[in-house]
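Quick note on our numbering: the sequence shown kicks off at 3 and runs consecutively. The structure appears right after this line, and notes come after that.
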Amino acid sequence: MPECQNCGFQWAWKDSLIISIKNTKKCPNCGQRQYVTPNTKKSHLLFYYLPCMILITANPLFHLNDAVFFMLLLSLALVMTVTIPYTIKLANEQKPLW
Numbered sequence: 003m004p005e006c007q008n009c010g011f012q013w014a015w016k017d018s019l020i021i022s023i024k025n026t027k028k029c030p031n032c033g034q035r036q037y038v039t040p041n042t043k044k045s046h047l048l049f050y051y052l053p054c055m056i057l058i059t060a061n062p063l064f065h066l067n068d069a070v071f072f073m074l075l076l077s078l079a080l081v082m083t084v085t086i087p088y089t090i091k092l093a094n095e096q097k098p099l100w
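This is the structure in C-alpha cells:
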C-alpha cells in the first residue's frame, strides 16, 4: 500500500484505488496533497492496460467466442482493480509524465 511522503501514513486500499483513478488526493492523516509518481503511471500502462489492448486487438485473430472474450476481459479488469492499489507510489509534488 502507498505511504504518504509527508507523514508516512499507510493508505487504505479504498483510498489507494481512488488515487489511482484521480492521480491526486489529500492524505487522510495529515491533509497534504499526494500525487501518483510518473513511474507508477508508466508501469500501470505497461503491465495493466497494454494486456487489455492486446486482448482487444488480438480477438479477431484468435476467433474467440464472445463469452470467452468478455470473461477474459472481465478477469483482467478484476485483477487490475485488486492489484493496482498495492503498486502505487506517491510523491509530494506533481511531476510530468515524460
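All residues carry an ideal CB built from backbone N, CA and C; glycine is no exception.
Put simply, the backbone Cα of Ala60 is about 43 Å away from that of Gly10.
Non-local beta-carbon contacts of Asp17 in its own chain, meaning distances under 7 Å to residues more than five positions away in sequence, involve Lys27, Pro30 in chain order. For the alpha helix (DSSP H) assignment, the uninterrupted runs of no fewer than 4 residues enclosed by the region 5-65 are, from N- to C-terminal side, 15-24, 40-46, 52-64. Per DSSP, Leu99 lies in no alpha helix (DSSP H) and is assigned neither H nor E. Less than 8 Å separates the beta-carbon of Lys43 from that of Leu99.
Sixteen is the threshold: since fewer than 16 other Cβ atoms of the shown chains lie within 10 Å of the Cβ of Cys32, the residue is exposed. For Ile86, the enclosing alpha helix (DSSP H) starts and ends at 68-89.
Cβ neighbours of Asn8 within its own chain (closer than 8 Å, five residues either side excluded): Cys29, Cys32, Gln34, Gln36, Asn94.
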